[in-house]
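Undergrad: Sharing a structure with you now.
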């Protein structure tokens, strides 16, 4: 029978999260390189002390249930991963051209201005000189990072004087999807870890959790080395599965010799 022999273990492996369909795992996806993973179980108990001996010893322990948690340290991101890590929802950028919208009322050298879109093209910045607005010159009056839609005002003398407000015209990039943070923070998944015991003959180990509720993660934004993000999940009980059947309430594990 598999799993009978006690063995040392040093695990590596891959995690996937799956949609829950009628209480069972549906389509899922890998969540990438994971350098640390920890499952913990915390029993909740109520303790009563006896009051007759003078020692105040524990006389009764009432089990009030067990809480489980899973913590994963991840190192890769894409848009779908950010949606998971930031507890957000994806949104496709509007590609309608913007014409002569307000950029800034009173322009000043040193200002950083945001166009409000990403991967922009054909950006034109104009002032409000009566009858004939003046067009500011890129890399003379301002610099632009079109990918991020960021403008820095560097000179308002050359070609001026310029009259505020400044207006912006541009075309937003196509196929740009961004994540709205913290808009969907209560998600549940069927979790699966396909593990490899790197010691000995490298037997396989599989862990499953039937209801993982993920929480928005703590994320490093500036890194000296490889970036990482810690994803935390609470292990919920699945009362649709009886304790004595093949599943149990929380999850299952198997050693595959």
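Residue numbers (the working numbering): 13 to 269. Cβ atoms here follow ideal geometry from the backbone N, Cα and C, with glycine treated the same way. Please read these numbers as outputs of a predicted model, since none were measured by experiment.
Residue 182 and residue 108 look like a contact to me (Cβ under 8 Å); what is the Cβ gap, rounded to whole Å?
TA: With 8 Å as the limit, residue 182 and residue 108 do not qualify as a contact, their Cβ atoms being about 11 Å apart.
Undergrad: Determine the closest residue to residue 264 out of 221, 96, 53 and 164, with distance taken between C-alpha atoms.
TA: Among 221, 96, 53 and 164, the Cα nearest to that of residue 264 belongs to 221.
Undergrad: Any chance you could list the beta strand (DSSP E) runs of at least 3 consecutive residues sitting entirely within the stretch 166–206, in chain order?
TA: Fully enclosed beta strand (DSSP E) runs of 3 or longer: 178–183 and 189–192.
Undergrad: Would you call the stretch 233–245 in contact with the stretch 76–93, where contact means no fewer than 3 C-beta pairs closer than 8 Å?
TA: At 8 Å Cβ cutoff, the stretches touch.
Undergrad: Can you find the residues in the same chain that come closer than 7 Å, C-beta to C-beta, to residue 267, ignoring five residues on each side of it along the sequence?
TA: 14, 15, 215 and 217, listed in sequence order.
Undergrad: Please give me, in chain order, every unbroken run of the beta strand (DSSP E) with length at least 3 that falls completely inside the stretch 75–117.
TA: The qualifying runs are 101–104 and 110–116.
Undergrad: Could you tell me the alpha carbon to alpha carbon distance between residue 206 and residue 188, rounded to whole angstroms?
TA: Computed Cα separation, rounded: 33 Å.
Undergrad: Taking the beta strand (DSSP E) that residue 20 belongs to, which residues open and close that run?
TA: Segment: none, residue 20 is in no beta strand (DSSP E) and carries neither H nor E.
Undergrad: Is it true that the CB of residue 245 sits closer than 8 Å to the CB of residue 232?
TA: No, the Cβ-Cβ distance between residue 232 and residue 245 is not below 8 Å.
Undergrad: Just mark residue 204 as buried or exposed, buried being the case when its beta carbon has 16 or more other beta carbons within 10 Å.
TA: Classification of residue 204: buried, given that the 10 Å Cβ count is 16 or more.
Undergrad: The beta strand (DSSP E) spanning residue 61 covers which residue range?
TA: Start and end: 46–61.
Undergrad: For chain D, is any of its Cβ atoms less than 8 Å away from the one on residue 203?
TA: Note that chain D does not occur in the displayed structure, where there is just one protein chain.
Undergrad: Looking at residue 131: is its Cβ nearer than 8 Å to the Cβ of residue 185?
TA: Contact: yes.
Undergrad: Buried or exposed: where does residue 68 fall if 16 or more other Cβ atoms within 10 Å of its Cβ makes it buried?
TA: Counting Cβ neighbours within 10 Å, residue 68 comes out exposed, since fewer than 16 surround it.
Undergrad: Could you give the DSSP three-state label for residue 138: helix, strand or coil?
TA: Strand.
Undergrad: Are the Cβ atoms of residue 202 and residue 39 separated by less than 8 Å?
TA: Not closer than 8 Å, so no.
Undergrad: Among 84, 135, 78 and 141, which has the Cα closest to the Cα of residue 149?
TA: Of 84, 135, 78 and 141, the residue nearest in Cα terms is 135.
Undergrad: Using only CA atoms, which one of 64, 22 and 29 lies nearest to residue 199?
TA: It is 29.
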